[in-house]
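Below is one structure, written out as structure tokens; comments come after it.
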Amino acid sequence: MHTIRLKSGVFPLPFTTFTPNREKKHSAIKTYAITTFEGFEEILAAELTALGATDVEPGRRVVMCKGDKAFMYRANLNLRTGIRVLTEIASFRARNEQAMYDQLKAIDWSPYLKVDGFLWIDANTQSDYHRNAVYLSQLFKDAIVDQFRAKTGERPSVSKENADLTLNLHVTRNDEVSVSLNSSGESLHRRGYRKRTGGAPINEVLAAGLVTLSGYDGEVPFCDPMCGSGTIVAEAAMIAARQAPGLNRSFGFERWPDFDAGLWASIRQEARDKVRTPPQPILANDIDELTLHLAKVSLERTGLIQHIDFESLPFNQLSAPAPATEKGGILVTNPPYEVRLKTGNIEELYEMIGDTFKTNWKGYSAWLITGSPEGLKSVGLKTSRRIPLMNGPIEVRYVRYDLYAGSRKHKSEEE
């Protein structure tokens, strides 16, 4: 099992190492930029290393690495904490609009897009001169369309929902421009299992990162006692089953002119062959029966619902699945934190959580993500890990409680 060292401790990572066939290269080695959430860079780097990437370098919300076409296919299919897999095809400096247009038009777009295809452009900018990302997208589109029209008399169309090619344009503060192909298409958090949700759903990539940081590998019981729409449980179930998160969706590279259908079929089969039955109980609970129904609908789409137990009880009435080994069990949950869902008395809710941890979940490691400092203080138990993260625009803390038998209630000094 891989481990990573963060400021808050050393964490085990449940990744199976893939060793690429060095004798058979599927394409030229390219440099990839894989985006992620802030705080997950080291986890993503470990995932990429396990998939066979080389020259892995974590940055801020991105990890750079190298690999061939087979690696790129595997990364899209298997990454749990990646958001997009990008490969840079051009970089230059542009101090004005004409220079930007000329440089973009000078790139040969025919290897990436057919004249009757559809394209979409995501632009982001930190430049003081190129301030309008929407305008940059339009300028980029004009450069591509004008090139095709000059060569063929025809032009590709623009479509976000039906794009054959998705491009990323990034402009730095120094007007350095990076042009990348987005091999993922839609963000990798769109696993394909979540359609409707309850209130304040957690992002799939964030949920996967939380479960991964907990050290969960499927070998101990798992529970989310306030599961909401079931995203944390879904990600945990896929980890326990060794199921690739991208098995139920398509990717942008499948519509590229150089798409290798045979290679892709073998990589998908490789992932299917690794799926197993989770060896320990997985429990999803929510006090709201309608919300729990939505969770069941999502979990059914993962194909793993038969391996998950469901309850609809107040947390303080829920019984913990008995740990089958001395390793105990793992609880991960995302309770309300007032700014998302109105709960009435946030301190009372979190005090109940702490009391229930102490009395009903001995032997477990309990992980809680919250944006409520007041609520966190009210838990009344000492944390053994505290990790700062972001849940969308909300600053949160991801904290761990080691619930030893006979542990004493202790008012911790939380931030």
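All the letters of the sequence shown, read from the start, carry residue numbers 1069 to 1483 under the numbering used here. All C-beta atoms, glycine included, are put in the ideal place defined by N, C-alpha and C. Quantities reported herein were computed from a predicted structural model and do not represent experimental measurements.
Item to complete: Taking only heavy atoms of the ligand COA into account, decide whether any of them is closer than 7 Å to the Cβ of A1167.
Response: Judged by which ligands are present, the structure shown has none, so any question about the ligand COA falls away.
Practice prompt. Indicate the three-state DSSP secondary structure (helix, strand or coil) for G1397 in the structure shown.
Written response: In the structure shown, G1397 falls within a strand segment according to DSSP collapsed to helix, strand and coil.
Worksheet item: Between which two residues does the beta strand (DSSP E) containing L1457 stretch?
Response: Per DSSP, L1457 belongs to the beta strand (DSSP E) from 1453-1459.
Discussion item. Please report the straight-line C-alpha distance between I1097 and D1214, rounded to a whole angstrom.
Written reply: Between I1097 and D1214, the alpha-carbon positions lie close to 31 Å from each other.
Item to complete: Could you round the C-beta distance between I1398 and V1247 to whole angstroms and report it? I think they count as a contact, below 8 Å.
Response: That pair is no contact at about 42 Å.
Practice prompt. Count the CB pairs spanning the segment 1210-1228 and the segment 1112-1121 that are closer than 8 Å, and state whether there are at least three.
Written response: Verdict: no, contact absent.
Worksheet entry | contact_flag[the segment 1249-1260, the segment 1142-1162] where n(CB pairs < 8 Å) is 3 or more | In short, these stretches touch, since the Cβ pair count reaches three.
Practice prompt. Using only alpha-carbon positions, find the residue among F1216, K1137, G1371 that is nearest to A1329.
Written response: Among F1216, K1137, G1371, the Cα nearest to that of A1329 is on K1137.
Discussion item. Could you give the first and the last residue of the continuous beta strand (DSSP E) run that contains E1368?
Written reply: Note, E1368: premise wrong, no beta strand (DSSP E); alpha helix (DSSP H) at 1357-1370.
Discussion item. Does E1115 pass the burial test, meaning 16 or more other C-beta atoms within 10 Å, or should it be called exposed?
Written reply: Counting Cβ neighbours within 10 Å, E1115 comes out buried, since at least 16 surround it.
Practice prompt. Tell me whether the beta-carbon of W1435 lies closer than 8 Å to the beta-carbon of V1400.
Written response: Their beta carbons are under 8 Å apart, which means W1435 touches V1400 by this criterion.
Practice prompt. Would you mind reading off the limits of the beta strand (DSSP E) that contains W1332?
Written response: Per DSSP, W1332 lies in no beta strand (DSSP E); the unbroken alpha helix (DSSP H) holding it starts and ends at 1329-1341.
Discussion item. Strictly by DSSP, which residues pair up with V1279?
Written reply: According to DSSP, V1279 bridges with nothing at all.
Worksheet entry | Meets three-Cβ-pair contact criterion under 8 Å: the segment 1126-1146 and the segment 1176-1188 | Fewer than three beta-carbon pairs drawn from the segment 1126-1146 and the segment 1176-1188 are found closer than 8 Å, and the two stretches are therefore not classed as touching.
Worksheet item: Can the beta-carbon of L1274 be found closer than 8 Å to that of N1144?
Response: No, these two residues do not count as a Cβ contact at 8 Å.
Worksheet item: Since R1217 is in the alpha helix (DSSP H), which residue starts that stretch and which ends it?
Response: For R1217, the enclosing alpha helix (DSSP H) covers residues 1201-1220.
Discussion item. Using a Cβ distance threshold of 8 Å, determine whether the segment 1164-1174 contacts the segment 1349-1366, with at least three qualifying pairs required.
Written reply: Fewer than three Cβ pairs drawn from the segment 1164-1174 and the segment 1349-1366 lie within less than 8 Å of each other, which leaves the two stretches out of contact.
Worksheet entry | C-beta contact flag for W1332 and Y1180 at 8 Å | The answer is no: Cβ separation not under 8 Å.
Worksheet item: If you follow the alpha helix (DSSP H) that N1413 is part of, which residue opens it and which one closes it?
Response: Counted as a single uninterrupted DSSP element, the stretch harbouring N1413 is not any alpha helix (DSSP H), since DSSP gives it neither H nor E.
Discussion item. My output table needs one value for H1238: the three-state DSSP class, helix, strand or coil.
Written reply: Assignment of H1238 by DSSP, reduced to helix, strand and coil, places it in the strand class.
Fill in: Beta-ladder partner(s) of D1184, from DSSP
D1184 pairs with nothing; no bridge assigned.
Worksheet entry | Per DSSP, cross-strand counterpart(s) of G1135 | As a beta-bridge residue in DSSP terms, G1135 pairs with K1098.
Worksheet item: Taking all protein chains shown into account, do 16 or more other C-beta atoms lie within 10 angstroms of the C-beta of N1192, making it buried, or fewer, making it exposed?
Response: Exposed, since its Cβ has fewer than 16 Cβ neighbours within 10 Å.
Discussion item. Per DSSP, what are the beta-bridge partners of S1248 in this structure?
Written reply: According to DSSP, residue pairing for S1248 in a beta bridge involves E1156, N1236.
Worksheet item: Who are the near neighbours of V1467 in its chain, counting only those whose CB is closer than 6 Å to its CB and skipping five residues on each side?
Response: Spatial neighbours of V1467 in its own chain (CB-CB distance under 6 Å, excluding positions within 5 residues in sequence) are listed in chain order as L1436, T1451, R1454.
Practice prompt. Quick one: grab the DSSP three-state call for F1290.
Written response: Of the three classes helix, strand and coil, the one that applies to F1290 here is strand, per DSSP.
Worksheet entry | Outcome for E1442 when other beta-carbon atoms lying within 10 angstroms are tallied against a minimum of 16 | By the 10 Å Cβ count, E1442 comes out exposed.
Discussion item. Rounded to the nearest angstrom, what separates A1352 and A1158 at their Cα positions?
Written reply: Rounded to the nearest angstrom, the two C-alpha atoms are 47 Å apart.
Discussion item. Measuring straight from C-alpha to C-alpha, what distance separates A1388 and D1377?
Written reply: Distance between the alpha carbons of A1388 and D1377 is about 12 Å.
Discussion item. With three or more beta-carbon pairs closer than 8 Å as the criterion, would you say the segment 1293-1310 touches the segment 1361-1381?
Written reply: Yes, the segment 1293-1310 is in contact with the segment 1361-1381.
Worksheet item: In three-state terms, what does DSSP make of R1142?
Response: Correct three-state label for R1142: helix.
Practice prompt. Could you tell me the boundaries of the beta strand (DSSP E) in which I1350 lies?
Written response: Counted as a single uninterrupted DSSP element, the beta strand (DSSP E) harbouring I1350 occupies residues 1350-1353.
Item to complete: With DSSP collapsed to three states, give me the class of A1434.
Response: Looking at A1434 - three-state DSSP - the assignment turns out to be strand.
Worksheet entry | Beta-bridge pairing of V1467 - partner residues as DSSP gives them | Beta bridge pairing from DSSP links V1467 with L1436, R1454.
Worksheet item: When the Cα of K1173 is compared with those of G1283, A1211, V1124, E1109, which residue comes out closest?
Response: K1173 has its Cα closest to that of A1211, out of G1283, A1211, V1124, E1109.
Worksheet item: Among M1140, Q1194, F1139, A1218, which residue has its Cα nearest to the Cα of D1176?
Response: The shortest Cα separation from D1176 among M1140, Q1194, F1139, A1218 belongs to A1218.
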